[in-house]
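Enquirer: In the working numbering, the protein residues as written are 1 to 281.
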């Protein structure tokens, strides 16, 4: 995983160096490279803090399951804003998939057209390296198709990592916030068979565990948020500059531009949304 993301990063850095005299192309490849940096940062953080994250997941999941199984009213409260979280996660994943398809569908369509005519050529351009982006010459034989598969796999791996890690943050925020709402409902609507002092003691103990979970979540995801805010701000400025330099829009340019801009806008948006939900909990 890390080796693949490192290869993806070096490929894009090499392409940005080749196009160092063209600001638009240079920033485009730097923008793609930042996704590899983000994936390396996320995977490295999860591997480094694996033990604390496992403990965090077990603690939060146990608290969530305990409150969810309490009664029907509590379950209704906890599940009330689950659809919103699902919509955000599915939308983000769909945008990431659209970005990969916008870059990689054209050469595969060319290959399918050739196969229909019972021949297979290499008269298509590699989506990222453009034949000259690798540190070695790309042979004009079956290995050329292997390079296409390699670039597709690396880009898909980067997009999948971003979508899964960012959506996992939404899952943790949902579990945290819904557990807090359930505890609030339990305090304000105690059952006749329960003593308020016992309920209060139990909720305080759970709240202490939730505070520890909050600290773990902040420790692992805090630098992700900072990285996305800084990098996406720079890349959005470069996208605006790129849009101003377009002499004409075609379908491919428009699709690539719109999906890339949506990703860079949607990443800080979902972190802001999740942060607001967590703060209001």
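All C-beta atoms in this analysis are idealised placements derived from N, C-alpha and C, irrespective of residue type, glycine included. Computed from a predicted structure; not experimentally measured.
(1) Restricting to Cα atoms, I'd like to know which of 10, 31, 1 is closest to residue 227.
(2) So which of 164, 181, 2 has the shortest CA-CA distance to residue 203?
(3) Which ranges does the alpha helix (DSSP H) cover as unbroken runs of at least 4 residues, wholly within the region 10-93, from first to last along the chain?
(4) Quick check on this structure: which residue in 115, 156, 212 has the alpha carbon closest to the alpha carbon of residue 100?
(5) Quick one, which of 42, 15, 28 has its alpha-carbon nearest residue 168's?
(6) Taking 8 Å as the threshold, find out whether the region 106-122 comes into contact with the region 140-150 through three or more Cβ pairs.
(7) Report the three-state DSSP secondary structure of residue 117 (helix, strand or coil).
(8) Quick one: grab the DSSP three-state call for residue 172.
(9) Consult DSSP for residue 4 and reduce its assignment to one of helix, strand or coil.
(10) Is there contact between the region 10-20 and the region 126-138, where contact requires at least three CB pairs shorter than 8 Å?
(11) Starting from residue 122 and walking both ways along the alpha helix (DSSP H), at which residues does that stretch end?
(12) Tell me which same chain residues have a C-beta within less than 6 Å of the C-beta of residue 102, skipping the five on either side of it?
(13) Distance, Cα to Cα, residue 266 vs residue 87?
(14) Quick one, which of 263, 281, 280, 205 has its alpha-carbon nearest residue 93's?
(15) Using 8 Å as the threshold, is the region 38-53 in touch with the region 158-175, meaning 3 or more CB pairs across them?
(16) Could you spell out the range, first to last residue, of the alpha helix (DSSP H) harbouring residue 130?
(17) Shortest alpha-carbon distance to residue 209 belongs to which of 51, 63, 178, 277?
(18) Does residue 155 come out as helix, strand or coil in the three-state DSSP assignment?
(19) Starting from the Cα of residue 61, find the closest Cα among 15, 33, 172 and give me that residue.
(20) In angstroms with no decimal places, state the Cα-to-Cα distance between residue 200 and residue 72.
(21) Could you check which residue in 22, 36, 25 has the C-alpha nearest to that of residue 231?
(22) Provide the residue span of the alpha helix (DSSP H) that contains residue 286, from first to last.
(23) Please state whether the Cβ-Cβ distance between residue 235 and residue 34 is less than 8 Å.
(24) Is the distance from the Cβ of residue 282 to the Cβ of residue 185 below 8 Å?
Expert: So, to answer that:
(1) Translated into the one-based positions of the chain shown, residue 227 becomes position 227. When each option's Cα is compared against that of residue 227, the closest is 31.
(2) Mapped onto the chain shown, residue 203 falls at position 203. Minimum Cα distance to residue 203 is reached at 181.
(3) 23-48, 50-68, 72-78
(4) On the chain shown, residue 100 is found 100 positions in, with the first residue counted as 1. With distances taken between Cα atoms, residue 100 lies closest to 156.
(5) Counted from its first residue, the chain shown places residue 168 at position 168. Here the closest residue by C-alpha is 42.
(6) yes
(7) Working through the chain shown from its first residue, we reach residue 117 at position 117. Correct three-state label for residue 117: coil.
(8) Taking the chain shown and counting its residues from 1, the one referred to as residue 172 is at position 172. Correct three-state label for residue 172: helix.
(9) What you label residue 4 is simply residue 4 of the chain shown in a count that begins at 1. Looking at residue 4 - three-state DSSP - the assignment turns out to be helix.
(10) yes
(11) Translated into positions along the chain shown, residue 122 becomes position 122. Where residue 122 is concerned, there is no enclosing alpha helix (DSSP H), given that its DSSP letter is neither H nor E.
(12) The count along the chain shown starts at 1 and reaches residue 102 at position 102. Hits under 6 Å: 255, 256, 259.
(13) Against the chain shown, residue 266 aligns to sequence position 266. Against the chain shown, residue 87 aligns to sequence position 87. When rounded, the distance between both Cα atoms is 13 Å.
(14) Taking the first residue of the chain shown as position 1, residue 93 is located at position 93. Here the closest residue by C-alpha is 263.
(15) yes
(16) Start at 1 with the first residue of the chain shown, and residue 130 comes out as number 130. Where residue 130 is concerned, there is no enclosing alpha helix (DSSP H), given that its DSSP letter is neither H nor E.
(17) Within the chain shown, residue 209 is the residue found at index 209, counting from 1. That would be 63, whose Cα lies nearest to the Cα of residue 209.
(18) Locating residue 155 in the chain shown gives position 155, counting from the first residue. Residue 155 falls in the helix class under three-state DSSP.
(19) Looking up residue 61 in the chain shown gives position 61. Ranking the options by Cα distance to residue 61, first place goes to 172.
(20) Here the question's residue 200 lines up with position 200 in the chain shown. Here the question's residue 72 lines up with position 72 in the chain shown. The alpha-carbon atoms of residue 200 and residue 72 are separated by roughly 21 Å.
(21) The sequence position of residue 231 within the chain shown is 231, counting from 1. Of the listed residues, the one whose Cα sits closest to residue 231 is 36.
(22) Because the chain spans 1 through 281 in this model, residue 286 falls outside it and cannot be assessed.
(23) One-based indexing of the chain shown puts residue 235 at position 235. One-based indexing of the chain shown puts residue 34 at position 34. Taking 8 Å as the Cβ cut-off, residue 235 and residue 34 qualify as a contacting pair.
(24) Outside the shown range of the chain (1 to 281) lies residue 282, about which nothing can therefore be said.
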